[in-house]
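Working notes, structure below.
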Amino acid sequence: MTEASTIFTGMRGRRITVVGDVMLDRFVSGSVSRISPEAPVPVLRRGQEINMPGGAANVARNLAHLGVETILIGVTGKDDHASMLDAALQHEPAIRFQAIVDNRRATIVKTRFSASGQQILRVDDEDTSPLSPQLEKKIIAATRKALRKSDLLVISDYNKGVISATTAREMIALARDAGVPVLADPKKMDASIYAGVTIITPNLGEAQQLFSTSATDIDTITPLAEDACKKHGIDSILVTLGAEGMLLAGRDLFPCHIRSHA
């Protein structure tokens with residue numbers, strides 16, 4: 000959460016709405032003492048199992064730990080995993096979860112199996128098909144209501160089907176009409192979708208796709224980020240660069256390379 004700590008400095012005590020792909024992260028640990036006779040794979044003796052909020056729900060959790068009151072809007076199925084996610088979020092009193100239930104959709108689950116502190120397998124159960132128009136309308140309606148009492152809208156898109164281009168554009172328009180700034184973590188590779196956003200936060204790989212470049216150096220990426228802001232009406236872009244820190248550029252900003260600290 001180093002990047003988020005920087006972005007959300009000064010937001011303690013405020014209210015943020017997070018909309019996006021909620022998931023359940025399951026962590027199953029155990030021990031391995033033999034190889035299966037059926038195939039050359041380890042046999043895990045199951046031990047502890049922990050359920051945690053994942054995806055957009057993890058974003059909301061991290062914000063809550065920064066002292067931010069959060070309204071979380073996402074889609075789940077009507078299944079045991081949805082109940083597990085809801086139970087995990089019950090431990091976060093600063094989060095108000097507004098689940099849009101899709102009876103035909105399974106709740107997204109990522110299960111990680113580990114032994115001796117080493118992950119040996121991850122299993123993803125997910126339905127990434129687009130939402131029905133009816134469910135999209137419910138997402139928009141819930142967002143419209145939440146924005147009345149919000150200081151920031153965060154669009155947390157993991158490309159799992161909840162945030163379509165249409166939904167993103169409608170939410171951005173609602174936020175602008177309400178005078179609420181918008182932060183988007185972009186997974187759509189069409190930068191025009193984010194027109195009107197206050198800031199987008201791609202990582203380097205996402206930025207390369209947005210800017211149609213394979214460049215990794217700051218000197219090349221900076222003018223591309225500035226051009227994207229001007230062309231698409233985006234106020235600013237914060238590119239996270241891992242060990243190299245972050246690059247902040249925008250329409251009315253002097254570009255800034257924020258170096259990471261060891």
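Residue numbers (numbering that gives the first Met the number 0): 0 to 261.
Beta carbons: idealized from backbone N, C-alpha and C, even for Gly.
DSSP three-state label for residue i, please.
{"i": "aspartate 20", "result": "coil"}
{"i": "glycine 204", "result": "helix"}
{"i": "alanine 81", "result": "helix"}
{"i": "isoleucine 220", "result": "helix"}
{"i": "methionine 0", "result": "Residue placement at methionine 0 cannot be trusted, given a pLDDT of 40 that sits under 50; the coordinates are not used to answer."}
{"i": "proline 41", "result": "strand"}
{"i": "leucine 246", "result": "strand"}
{"i": "methionine 170", "result": "helix"}
{"i": "histidine 256", "result": "strand"}
Using the beta-carbon count (16 or more within 10 Å), is residue i buried or exposed?
{"i": "histidine 231", "result": "buried"}
{"i": "proline 52", "result": "buried"}
{"i": "serine 235", "result": "buried"}
{"i": "glycine 54", "result": "buried"}
{"i": "histidine 302", "result": "Outside the shown range of the chain, which is 0 to 261, sits residue 302, and nothing can be said about it."}
{"i": "proline 36", "result": "exposed"}
{"i": "serine 211", "result": "exposed"}
{"i": "alanine 63", "result": "buried"}
{"i": "threonine 1", "result": "Only weak support exists for where threonine 1 lies, its pLDDT of 41 falling under 50; the value from the coordinates is given anyway. Exposed, since its Cβ has fewer than 16 Cβ neighbours within 10 Å."}
How long is the line joining the alpha carbons of residue i and residue j, rounded to whole angstroms?
{"i": "glutamine 118", "j": "aspartate 176", "result": "46 Å"}
{"i": "isoleucine 162", "j": "isoleucine 139", "result": "10 Å"}
{"i": "arginine 33", "j": "glycine 116", "result": "17 Å"}
{"i": "aspartate 24", "j": "phenylalanine 112", "result": "11 Å"}
{"i": "glutamine 97", "j": "aspartate 20", "result": "12 Å"}
{"i": "leucine 43", "j": "leucine 120", "result": "10 Å"}
{"i": "proline 254", "j": "threonine 239", "result": "14 Å"}
{"i": "threonine 69", "j": "valine 31", "result": "40 Å"}
{"i": "alanine 190", "j": "aspartate 124", "result": "29 Å"}
{"i": "alanine 206", "j": "phenylalanine 26", "result": "30 Å"}
{"i": "isoleucine 154", "j": "alanine 86", "result": "23 Å"}
{"i": "isoleucine 72", "j": "methionine 83", "result": "16 Å"}
{"i": "proline 336", "j": "valine 18", "result": "One cannot answer for residue 336 here, as it falls past the ends of the chain, which runs 0 to 261."}
{"i": "aspartate 226", "j": "serine 213", "result": "16 Å"}
Check whether the Cβ atoms of residue i and residue j lie closer than 7 Å to each other.
{"i": "valine 58", "j": "isoleucine 15", "result": "no"}
{"i": "alanine 164", "j": "isoleucine 192", "result": "yes"}
{"i": "serine 259", "j": "alanine 248", "result": "no"}
{"i": "isoleucine 107", "j": "lysine 186", "result": "no"}
{"i": "methionine 245", "j": "leucine 237", "result": "yes"}
{"i": "arginine 104", "j": "glycine 76", "result": "yes"}
{"i": "arginine 11", "j": "aspartate 150", "result": "no"}
Closer than 6 Å to a non-hydrogen atom of the ligand MN - does that hold for the CB of residue i?
{"i": "aspartate 184", "result": "This structure does not include the ligand MN; it has no bound ligands of any sort."}
Sufficient close CB pairs (3 or more, under 8 Å) joining the segment 219 to 229 to the segment 159 to 178: no
contact_flag[the segment 181 to 188, the segment 126 to 140] where n(CB pairs < 8 Å) is 3 or more: no
Inter-stretch contact at 8 Å, needing at least 3 Cβ pairs: the segment 119 to 131 / the segment 83 to 97: no
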